[in-house]
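Enquirer: Structure incoming, see below.
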Amino acid sequence: MTATLIWILVVLAAIGLYLSWTAGRLDRLHARIDAARAALDAQLLRRASVVQELATSGVLDPAASIVLYEAAHAARQAEEEQREVAESELSQALRAVFADPQQVEAVREAPGGEAAARELAEAVRRVPMARRFHNDAVGAARRLREHRKVRWFRLAGHAPFPLAFEMDDEPPTALAERAA
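If you count the sequence shown from 1, you need to add 82 to reach the numbering used here.
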């Protein structure tokens, strides 16, 4: 009887350790999501700032400047529920303005334009990477939270269910070629 009791205690301790390890892993994934979201927010803010700076520089024609400035301003001021839509609209505005490679060349030829074009190309290139890192972390946490053991033992605690950031982040072809 004593041996049986010892084995039961060992099995319960092993299960407890496994559940504790799983809860710790889930906690680390949630921390990774928070860090990835902060990085994504920083890249989105950087992109909007660079676009606003370029729009007010006088390098672009007035219509393109207005389109870019309004889209960037809307992206910076958007509430959390509307953020994905506003960022997608900024991506679409960038593609509309920089669809023609000659527009990028016009920016480059202006005084200080080479640095502005380089900075814009880098900002546009970094947004999809940051979004991918965030969405990968969200996917890993979702997969772990779908396991029965996580649901049955409520290992996620009160953490909100992670949501992916879905937006149109395709860069303009002319800027993507410059960044490469």
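Virtual Cβ for every residue (Gly too), placed ideally from N, Cα, C. Just so it is clear, the structure is predicted and the values come from calculations on it, not from any experiment.
#1: In angstroms with no decimal places, state the Cα-to-Cα distance between Val-189 and Ala-198.
#2: Give the secondary structure of Arg-236 by DSSP, where H, G and I count as helix, E and B as strand, and everything else as coil.
#3: Could you give the distance in angstroms between the alpha-carbon of Trp-103 and the alpha-carbon of Met-249?
#4: My output table needs one value for Phe-215: the three-state DSSP class, helix, strand or coil.
#5: For Asp-251, count the other beta carbons within 10 Å of its own beta carbon; 16 or more makes it buried, fewer makes it exposed. Which is it?
#6: By a C-beta neighbour count over all protein chains shown, 10 Å radius and 16 as the cutoff for buried, is Arg-129 buried or exposed?
#7: Tell me the rounded alpha-carbon separation between Ala-168 and Gln-174.
#8: With DSSP collapsed to three states, give me the class of Asp-182.
#9: Using C-beta distances below 6 Å, list every residue in its chain close to Ala-153, excluding the 5 sequence neighbours before and after it, in chain order.
#10: Here's the rule I'm using: 16 or more other beta-carbon atoms within 10 Å means buried, otherwise exposed. How should Leu-87 be labelled?
#11: What would DSSP say about Pro-254, mapped onto helix, strand or coil?
#12: Below 8 Å on the Cβ atoms is my guess for Leu-126 versus Ala-156; work out the distance and round it to an integer in Å.
#13: Let's see if you can read the secondary structure: which residues bound the alpha helix (DSSP H) around Gln-134?
#14: Using the C-alpha atoms, what's the distance from Leu-202 back to Ala-181?
#15: What would DSSP say about His-266, mapped onto helix, strand or coil?
Expert: In terms of the structure at hand:
#1: 8 Å
#2: coil
#3: 34 Å
#4: Assignment of Phe-215 by DSSP, reduced to helix, strand and coil, places it in the helix class.
#5: It counts as buried.
#6: buried
#7: 10 Å
#8: coil
#9: Glu-171, Leu-172, Ala-175
#10: exposed
#11: coil
#12: Contact annotation, Leu-126 with Ala-156: C-beta distance approximately 12 Å; criterion of less than 8 Å not satisfied.
#13: 84-138
#14: 14 Å
#15: With the chain covering only 83 through 262, there is no way to say anything about residue 266.
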